[in-house]
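**Q**
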Amino acid sequence: PSNRQDISLQQELEEICRVDISSKSLTNEGNQPAPYLHRAEFLNNSLANIENSLVENNLLEDTYNEEDKLKMAAKIGSTLLEKIKLLEEKNLRLIATIASTEEKLEELEENEKKYICKIESLSQEL
19 PSNRQDISLQ QELEEICRVD ISSKSLTNEG NQPAPYLHRA EFLNNSLANI
69 ENSLVENNLL EDTYNEEDKL KMAAKIGSTL LEKIKLLEEK NLRLIATIAS
119 TEEKLEELEE NEKKYICKIE SLSQEL
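Take any residue in the sequence shown, note its place counting from 1, add 18, and you have its number in the working numbering.
(1) Would you check if the distance between the CB atom of I137 and the CB atom of T97 is smaller than 8 Å?
(2) With DSSP collapsed to three states, give me the class of L144.
(3) Using the Cβ count rule (16 or more neighbours within 10 Å means buried), how would you classify I94?
(4) Do you know how far the Cα of A117 is from the Cα of L104?
(5) For E100 and I113, what's the separation of their Cα atoms in angstroms?
(6) For N83, does the three-state DSSP call read helix, strand or coil?
(7) How big is the Cα-Cα spacing for D86 and K108?
Following this line, the structure appears as structure tokens:
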């Protein structure tokens, strides 16, 4: 593998580690941090540990050992799969939130129409 590919892998790992979990301020009921935030932090730490391990063992620069390459790929792959699961879970939560918000909006719009009709009828009575 070329040094260029190794640098690209390192950059990709760094980018994955920079996933924005600034939404830590979002909490679920009971003011406890949402469980997926703990998992996101754990996965980010996991990716950072993998990257550090790769750098410490010079695997980003010298990956001639096929077994080491496979171990590295397996670690990265399993961590990325967990990250994908986490993102899918967050996506489902967002979809549910959108659906709930749309329902509330429809209800508010219906109430608005009712109140406008009441106001108009009361205005005509005056």
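Yeah, the Cβ is synthetic: ideal placement off N, Cα and C, and Gly gets one too.
**A** Let me spell this out:
(1) no
(2) coil
(3) buried
(4) 20 Å
(5) 20 Å
(6) coil
(7) 33 Å
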